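Just below is one structure, and these are the notes that go with it.
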Amino acid sequence: MTAPKYLLHKLTQLLSICLCVMMMNLLTTTTTTKATPTYTTTYCTNTNTYASNAILVHFLSRFSRHHRYFFTSRTPWYYSGHNFATSKSIELKGLTLCRRDVTATVCDQCLTAAVNEIRIRCPDKAEALIWYDECFLRYTNRYFDVEKIVPRVNLDDGDVDSSLDLGRFNQSLYRLLNRLVTEAVAAKKVAAGEAVVTEWKKVHGLMQCTDDLTKRRKSFASVL
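Terminal number for the sequence shown in UniProt numbering: 224, no gaps in between.
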């Protein structure tokens, strides 16, 4: 093999290796971009249970197949079934919500994780909620009484900044939340913002209502 042909052959091999490495890096990057939703907490009822977990599994399985539709419609969803253990008809109601600033893909991943995790954490329960940073999922056998806002949980992380003036912080937080309520009610049921506490400290807030709420019911959020 002459020198020019030999060099061309080696250069082709080198380019092929580089291209292969680049493709591997691209595949690795693409694979790792699927972020894991950040789990926050779960609420399970202590009293209401089903005699068979099959009812709940069927309900959540049905949701798993159609949750992209439920995400698009953003309205409560329902399931009617029959509890053969008690010979009674049952009805479950579900509600999901994803943060408006996340993509449909992130929402899909979060709701999929929520369905799988709530089966483990709340087996046989007639009512349960699970929260992630990106979404939440709730189902219940009761009527969704919005104005009672129950059940609920405290998502306080427990961290306290001892350098802050508590009175000043609470005033800034109160003004921020009131502003976000006004913006959420008047606009697209979601609002985000920040308020200055000190020259070096800010407090950030996000308020979002479920899409089934009327404007009058959204204003009830002001009690928070």
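Virtual Cβ for every residue (Gly too), placed ideally from N, Cα, C.
Given the structure is predicted, the values throughout are model-derived calculations rather than measurements.
- By a beta-carbon distance limit of 8 Å, residue 118 does not contact residue 104. Their separation comes to about 21 Å.
- Listed as beta-bridge partners of residue 44 by DSSP are 128.
- Around the Cβ of residue 171, a 10 Å sphere holds fewer than 16 other Cβ atoms; the residue is exposed.
- Counting along the chain, the unbroken beta strand (DSSP E) around residue 135 starts and ends at 135-140.
- By the criterion of a C-beta distance shorter than 8 Å, residue 180 is surrounded in its chain by 191, 192, 193, 205, 206 and 207, once the five residues flanking it on both sides are discounted.
- By alpha-carbon distance to residue 135, the top candidate from 59, 45, 44 and 210 is 210.
- Following the DSSP letters along the chain, one finds residue 203 inside the beta strand (DSSP E) bounded by residues 202-208.
- For residue 132 against residue 107, the beta-carbon gap comes to about 10 Å, at or over 8 Å, which does not count as contact.
- Non-local C-beta neighbours of residue 196 in its own chain, meaning closer than 6 Å and more than five positions away in sequence, comprise 202, ordered along the chain.
- Residue 95 and residue 45 have their C-alpha atoms some 16 Å from each other.
- Here DSSP, grouped into helix, strand and coil, assigns residue 182 to helix.
- When beta bridges are read from the DSSP output, residue 174 appears opposite no residue.
- In the DSSP annotation of this structure, residue 196 is not part of any alpha helix (DSSP H); the continuous beta strand (DSSP E) holding it starts and ends at 190-196.
- The closest CA to that of residue 126, considering only 35, 43, 36 and 37, is found on 43.
- DSSP places residue 117 in the helix class (H, G or I) of the three-state scheme.
- Excluding five sequence positions before and after residue 99, the CB atoms of its chain that fall closer than 6 Å to its own CB belong to 134, given in chain order.
- For residue 57, same chain residues with a beta-carbon under 8 Å away, outside a window of 5 residues either side, are 119 in chain order.
- DSSP places residue 60 within a helical segment (H, G or I) once states are collapsed to three.
- Around the CB of residue 189, 16 or more other CB atoms lie within 10 Å, so the residue is classed as buried.
- Look at residue 107 here: in three-state DSSP terms it is helix.
- Rounded to whole angstroms, the separation of the alpha carbons of residue 38 and residue 138 is 17 Å.
- In this structure, DSSP gives residue 166 a helical state, which the three-state scheme calls helix.
- As the crow flies, the alpha-carbon of residue 124 is around 18 Å from that of residue 41.
- In the three-state reduction of the DSSP assignment, residue 96 falls in the strand class, which pools E and B.
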